[in-house]
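Written below as structure tokens is the structure these notes are about.
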Amino acid sequence: MTDRPSPRISSRKQPKQTRSAGLVAAVLEAATRVLAEEGAARFTTARVAERAGVSIGSLYQYFPNKAAILFRLQSDEWKQTGDLLRVILEDAEHAPLLRLRMLVHAFIRSECDEAQMRGALNDAAPLYRDAPETHAARASGKKTFQKFMREALPDASAVKRKLAGDLIATTLSTVGKQFSTTAPTAAQIKVYSDAMGDMFCAYLQKIARD
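This note's numbering puts the first residue of the sequence shown at 309, with every later residue one more than the last.
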């Protein structure tokens, strides 16, 4: 049995002129609207081109298929969130546990702010989740968090650090995603984030004492 080939999701070419950059921006903006309004099941390159006001041929100059458009939306979201979280985790002016609390608050707020779009992108994930570009994007975020865990638990064994990092990352992602679907208020987001931060910090403190 052979592996199913991954779809091509890299852009055909990068825009070098202002006009080309404007076309790509229009396509991505239209793609965001189509995905939010019609969902992944009805997301097509034809609908995106029509909404963007460009020809399908112009769209295909930069995106070979709908998976490439969806991955670009997802990778842009990953980059935005990843940059935000990396700044927090690498801020040496604050103690590691405080940074962890700040990370939780920022991540939960981000999940709630982008809940609708993230839900639609998650529905479309089968189109690109096995592609090499997806694995590379996720690996970058993992390296940042692993570096933080070495700082937060300098005396713990590598095995304990890895377990702690995996548990925190998985819990934060899974529970945060679920919480965002409840349309919480700002006050509820703060209470929830505080509680999750307390839990994570207590866990790391226990590991540090053992």
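Think of the CB as a built atom: it goes at the ideal place given N, C-alpha and C, for glycine as much as any other residue.
Taking the alpha-carbon positions, what's the residue i to residue j distance?
i: residue 412; j: residue 501; result: 6 Å
i: residue 378; j: residue 507; result: 35 Å
i: residue 492; j: residue 498; result: 10 Å
i: residue 438; j: residue 496; result: 35 Å
i: residue 481; j: residue 474; result: 11 Å
i: residue 336; j: residue 330; result: 10 Å
i: residue 448; j: residue 455; result: 11 Å
i: residue 353; j: residue 476; result: 38 Å
What are the boundary residues of the alpha helix (DSSP H) that includes residue i?
i: residue 375; result: 374-397
i: residue 496; result: 494-517
i: residue 426; result: 423-432
i: residue 592; result: Nothing in the structure corresponds to residue 592, since the chain is present only between 309 and 518.
Quick one: is the Cβ of residue i within less than 6 Å of any heavy atom of the ligand FAD?
i: residue 465; result: Questions concerning the ligand FAD fall outside what the structure shown contains, since it holds no ligand whatsoever.
Can the beta-carbon of residue i be found less than 7 Å from the beta-carbon of residue j?
i: residue 484; j: residue 409; result: no
i: residue 370; j: residue 332; result: yes
i: residue 515; j: residue 468; result: yes
i: residue 367; j: residue 428; result: no
i: residue 348; j: residue 432; result: yes
i: residue 488; j: residue 423; result: yes
Determine, for residue i, whether the minimum Cβ-Cβ distance to residues of chain D falls below 7 Å.
i: residue 392; result: Note that chain D does not occur in the displayed structure, where there is just one protein chain.
For my contact list, residue i and residue j are in at a C-beta cut-off of 8 Å; report their separation, rounded to the angstrom.
i: residue 512; j: residue 472; result: 7 Å
i: residue 444; j: residue 381; result: Not a contact, Cβ separation roughly 17 Å.
i: residue 405; j: residue 509; result: 5 Å
### Query
Touching or not, the stretch 445-461 and the stretch 396-406, by the rule of three or more beta carbon pairs under 8 Å?
Touching, per the Cβ criterion.
### Query
Counting Cβ pairs closer than 8 Å, one from the stretch 347-367 and one from the stretch 383-392, do we hit at least three?
Touching, no.
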